[in-house]
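If you count the sequence shown from 1, you need to add 251 to reach the working numbering.
Right, one structure below, let's go through it.
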Amino acid sequence: MPSAETTSDSRVVAVTGATGFVGRHVVDELLRRGHRVRALSRSRERWNVLPEGDITHVLGDVFDEQSMDRLAEGADAFIHLIGIRREQSGGVTFKRLHVDATRAAIGAATRSGVSRYIQMSALGTRPEARSDYHKTKWAAEQLVRDSNLQWTIMRPSVILGPDGEFMDMAMGWARGEEPPKRFLPYFAKPIPMVGERVPDSADRSATVQPVSVRDVAAAFASAIERDDAIGETYPVVGPQPMTWPQLLVLVRDATPGANRKLQPFGIPAEIASAVALGFQKIGLGSLLPFGPSEPLMAAEDNAGTPAKVSAHLGVTPEPFRETLSWCVAH
């Protein structure tokens with residue numbers, strides 16, 4: 252499909268999750284393009300993480316209807332970014348933060364007459380997924396598809412940025428500052444049965460296609476400007492597929508003060524998931540840096556082609572080494 256021409260008209264864009272990792276960059280990109288932003292946040296203290304510009308701050312919660320109506324009132328487009336990587340105590344569940352929060356966002360957009368709607372999902376989302384993360388992302392997508400909104404769904408791969416959780420963690424591993432300190436961990440595919448060929452480390456790793464958060468932000472901003480993005484679902488990936496060991500070694504070699512002797516080591520995903528589930532059941536889930544879903548997701552391939560995003564949205568993903576240099580420099 253040919254790319255539609257980008258308009259220069261300023262829009263009012265409501266954004267949930269505006270002060271999160273991706274949200275900060277989406278807001279920055281929207282402002283850079285001349286749009287006005289209405290940003291939802293549960294805390295005034297978080298407002299200072301956003302750039303200066305034409306932002307209306309809305310204090311409130313996604314599950315508070317009045318807050319959501321204030322957010323959506325007068326908006327031309329609605330970007331819903333709220334999501335979690337792992338469940339926590341106190342009702343922080345995938346169902347609540349993926350499915351119920353999406354239902355609340357769709358409701359606010361519908362009540363306020365905001366027809367244009369962009370949903371953050373995830374690559375690998377499907378109804379038969381093994382992880383609850385992907386299953387609830389799929390359920391949220393279905394709510395969007397069943398709505399009367401002019402929707403677009405984004406499915407990013409691993410998102411990289413200097414203020415992102417993954418890069419902070421990976422660089423800490425490389426310097427030997429974060430556990431396990433003796434190796435660079437990743438979640439590996441199951442160990443083969445007796446009599447089967449034992450794969451090397453690359454074969455036991457999933458393939459990922461990390462994407463810069465700047466490219467993700469550009470995709471969201473472009474989508475609200477282009478009619479040919481309506482009703483489309485986009486894989487948002489970087490230009491270079493790689494295994495987890497390859498990614499970790501590249502991060503290690505680019506990190507100042509890294510221990511170059513540290514090597515990638517695959518932790519069986521099935522075992523890690525079972526351990527996390529056990530810890531969760533006895534109320535000790537917070538002691539681990541991952542939940543039951545994350546190992547299962549990380550052992551699955553998470554790659555695709557950037558061709559559709561490039562053709563429809565005019566976003567060509569930046570080279571991985573450029574993203575890596577940006578992360579390290581900040």
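Just so it is clear, CB atoms sit at the ideal spot from N, CA and C, and this is done for glycine as well.
Three-state class that DSSP yields for E296 in the structure shown: DSSP places E296 in helix when its eight states are reduced to three.
Rounded to a whole number of angstroms, what is the C-alpha to C-alpha distance between Q460 and E573? Our two residues, Q460 and E573, have alpha carbons roughly 14 Å apart in a direct line.
Per-residue burial, G351 [other beta carbons within 10 Å of its own, 16 or more giving buried]: According to the sequence displayed, residue 351 carries Asp and not Gly. Label assigned to D351: buried.
By Cβ distance, which residues of its chain are closer than 7 Å to Q514, with the 5 residues on each side in sequence left out? Taken in chain order, the residues that qualify are F434, L435.
Does the region 271-278 come close enough to the region 292-312 to have 3 or more Cβ pairs within less than 8 Å? Counting Cβ pairs under 8 Å, three or more are found: they touch.
Looking at the structure shown, is I481 part of a helix, part of a strand, or coil, going by DSSP? DSSP places I481 in coil when its eight states are reduced to three.
Quick check on the burial criterion: 16 or more other C-beta atoms within 10 angstroms. Buried or exposed for R511? Burial call: exposed.
Compute the Euclidean distance between the alpha carbons of W495 and F516, then round it to the nearest angstrom. Rounded to whole angstroms, W495 to F516 spans 10 Å at the Cα level.
Could you give the DSSP three-state label for A457: helix, strand or coil? Judged by DSSP in its simplified three-state form, A457 adopts coil rather than helix or strand.
Residue environment, V343, which counts as buried when at least 16 other CB atoms sit within 10 Å: Here V343 is exposed: its Cβ has fewer than 16 other Cβ atoms, across all protein chains shown, within 10 Å.
DSSP three-state label for E573, please. DSSP places E573 in the helix class (H, G or I) of the three-state scheme.
Assuming A480 and A472 form a contact by the criterion Cβ under 8 Å, report the distance between their Cβ atoms to the nearest whole angstrom. That pair is no contact at about 11 Å.
Cα-Cα, which of T567, H286, Q491, G542 is closest to D466? For the set T567, H286, Q491, G542, the Cα lying nearest the Cα of D466 is the one of T567.
Can you tell me the Cβ-Cβ gap for V375 and N553, rounded? I've got them flagged as a contact below 8 Å. Here the sequence assigns Gly to residue 375, which means Val is not the residue at that position. Rounded, the Cβ-Cβ distance is 6 Å, consistent with contact.
For D583, which of P490, G482, R406 has the nearest alpha-carbon? Residue 583 is absent from the structure shown; the chain starts at 252 and stops at 581.
Below 8 Å, can you find three or more Cβ-Cβ pairs linking the region 518-532 to the region 501-509? Fewer than three beta-carbon pairs drawn from the region 518-532 and the region 501-509 are found closer than 8 Å, and the two stretches are therefore not classed as touching.
Hey, would you say R337 sits closer than 8 Å to S463, going by beta carbons? No, the Cβ-Cβ distance between R337 and S463 is not below 8 Å.
C-alpha distance - M418 paired with L498, whole-angstrom precision: Going from the Cα of M418 to the Cα of L498 covers about 11 Å.
DSSP on A472, reduced to helix/strand/coil? In the three-state scheme derived from DSSP, where H, G and I count as helix and E and B as strand, A472 is classed as helix.
Judging by CA-CA distance, which residue of V579, I306, V313, A549 is the nearest neighbour of T267? When each option's Cα is compared against that of T267, the closest is V313.
Which residues mark the beginning and the end of the alpha helix (DSSP H) in which T361 is found? First-last of the alpha helix (DSSP H) with T361: 352-362.
Nearest candidate by alpha-carbon position, reference G536, set G341, T458, R295: Residue G341 is the option with its Cα nearest to G536.
In angstroms with no decimal places, state the Cα-to-Cα distance between M252 and K559. Per-residue confidence for M252 stands at a pLDDT of 34, beneath the threshold of 50, marking its modelled position as unreliable; no derived number is given.
Evaluate H349 with the Cβ neighbour count: other Cβ atoms within 10 Å of its Cβ, from every protein chain shown; 16 or more gives buried, anything less gives exposed. With 16 or more other Cβ atoms within 10 Å, it is buried.
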